[in-house]
Amino acid sequence: MPRLSDLSEAEVLALAIASEEEDGHIYADFAEMLRENYPDSAAIFDEMAAEESQHRHALIDLFVQRFGRHIPLVRRQDVQGFPVRKTAWAMKNRGIEAIRSLAADMERQSARFYREAAARTSDAEIRRLLGDLAEEEDRHQRHARFLEAEHLDASGRQREEDHSRREFVLRVVQPGLVGLMDGSVSTLAPVFAAAFATKNPHDAVLVGLAASLGAGISMGLAEGLADDGKLSGRGAPLIRGLICGAMTFAGGIGHTLPFLVPDFHLAFAVAIGAVLIELLLISWIRWRYQDTPFGSALVQVLLGGALVFATGVVIGSS
């Protein structure tokens, strides 16, 4: 695969043309993707796409003037060390801030490319245009901030932040919280029943590991198969299923690992502490992301955990 230094002046210009076309397409895709829920940010990307189109036209005019009408196809992925762009569809499950950050990275990478390309050409006109484009990409970053201030007033930014937060809650927090609650609470009974029945920490570890894995797989499948996310806006079912399954496993394994301690009484005490931490974490998440009063959330999860814990102890002691 050739490096940038291996390209001729015509190939460097062809690469710049293809890059500007790709960037403009990505910005236009971002605008279309964001238009319904983030109309103010969509307007910013519309203007950025229009500016990329102007750059492409200037590069094409210079190429035709210097090398003729046929422009060879030279793409980013054909040049060693050149960063490949993420497409809009690959970012559709990311937040608005991640998209803005990606756009800023794209502008910085373009400016760096134009500077390196300008330093490698001896043609004065090509060097001048590439240098101008590098400065233009630098101005883009400042202009993007200006456009953001122009299109996004305080109320507009607040609306977009509120929507982004709702998406994060729907796509990440809710499946994660459901999994954490199930793993932390439902596995209490089998783990502590095994512990009290055998007084052997190793047996409790085996039961807890099996229960955590089984619950994680079951909850992950249930979450992924319950909703395709198209109507609810909850995002890709595979991602939700993985989040839910992983958090279910984490909730169950958290109070299982203390039983790796050989001493039963010490292991039991540490496991109780782990359970309390899990229940506090669940209460905090509900308070932080679901606007549930912390005291109310704490009472609810403590009551549920106590009932399941008591069930395990009674069964294990019988």
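Be aware that the sequence shown starts at 383, since it is given in this note's numbering, and climbs by one per residue.
Here a beta-carbon is modelled for each residue, glycine too, at the ideal position from N, C-alpha and C.
None of these values were measured; they are calculated from a predicted model.
Exposure of residue i, with buried meaning 16 or more beta-carbon neighbours within 10 Å
i	result
MET488	buried
SER700	exposed
VAL446	exposed
ARG510	exposed
ASP564	buried
SER594	buried
LEU570	buried
VAL657	buried
LEU636	Residue 636 is actually Gly in this sequence, not Leu. Burial call: buried.
VAL461	buried
LEU389	buried
LEU395	buried
ARG668	buried
VAL696	exposed
Inter-residue Cα distance where the pair is residue i and residue j
i	j	result
ILE433	ILE625	The sequence shown places Glu at residue 433, rather than the Ile named in the question. Using only the alpha carbons, I get a separation of about 39 Å.
ARG438	GLU549	35 Å
ALA485	LEU661	40 Å
GLU403	ALA431	9 Å
ALA692	ILE659	18 Å
VAL567	LEU663	13 Å
PRO465	PHE427	21 Å
HIS407	VAL560	39 Å
ASP385	ILE453	Inspection of the sequence shows that residue 385 is occupied by Arg rather than by Asp. Cα to Cα, the separation comes out at about 19 Å.
ALA688	LEU620	33 Å
ALA400	LEU444	14 Å
LEU562	ARG458	43 Å
ALA410	ALA424	9 Å
GLY617	ALA516	37 Å
ALA500	ARG622	46 Å
GLY463	GLY634	44 Å
VAL589	ARG482	46 Å
ASP422	ALA480	16 Å
ALA592	HIS584	12 Å
ASP609	VAL690	29 Å
GLU429	PHE412	11 Å
Proximity to residue i [Cα-Cα], best of the options
i	options	result
LEU455	LEU662, LEU397, ASP564 and ASP673	LEU397
PHE578	ASP609, SER390, ILE399 and GLY698	GLY698
TYR496	GLU518, PRO384, VAL461 and VAL695	GLU518
ARG451	TRP669, LEU441 and ARG458	LEU441
LEU685	SER665, TRP669 and ALA410	SER665
ARG494	ARG547, ALA400, GLY513 and ARG482	GLY513
GLU393	PRO572, ARG502, VAL690 and ASP609	ARG502
ALA586	ASP609, SER390, ASP645 and ALA604	ASP645
TYR671	VAL551, LYS468 and ALA472	VAL551
ARG417	HIS584, LYS581, ALA470 and GLN682	ALA470
THR580	ALA480, GLY694 and ASP388	GLY694
LEU648	VAL681, ASN582, VAL683 and LEU591	ASN582
ARG467	LEU588, GLN491 and ASP609	GLN491
ASP405	GLU391, SER387, PRO572 and GLN436	GLN436
SER387	GLU414, GLU498, ASN419 and GLU429	GLU498
MET415	LEU607, LEU680, ALA575 and ALA472	ALA472
Any non-hydrogen atom of the ligand ADP closer than 6 Å to residue i Cβ
i	result
SER387	With respect to small molecules bound, the structure shown includes none, and the ligand ADP cannot be examined in it.
(request) Spell out a yes or no on whether the stretch 626–645 and the stretch 586–606 are touching, meaning 3 or more CB-CB pairs, one atom from each, closer than 8 Å. (result) yes
(request) List in chain order: all unbroken alpha helix (DSSP H) runs of 4+ residues lying wholly within the stretch 413–485. (result) Entirely contained in the stretch 413–485, the alpha helix (DSSP H) runs reaching 4 residues are, in chain order, 421–449.
(message) Whether or not the stretch 650–660 and the stretch 633–642 are in contact is what I'm after, with contact meaning three or more pairs of Cβ atoms, one per stretch, closer than 8 Å; do they touch?
(response) yes
(request) Taking 8 Å as the threshold, find out whether the stretch 501–510 comes into contact with the stretch 461–481 through three or more Cβ pairs. (result) No: the two stretches stay apart, fewer than three of their Cβ pairs being nearer than 8 Å.
(request) Evaluate contact between the stretch 549–561 and the stretch 674–683, counting only Cβ atoms and requiring at least three cross-stretch pairs below 8 Å. (result) no
(request) Jot down the residue ranges of each uninterrupted beta strand (DSSP E) in the stretch 556–630, minimum 3 residues, whole runs only, in chain order. (result) Segments of the beta strand (DSSP E) lying fully in the stretch 556–630: there are none.
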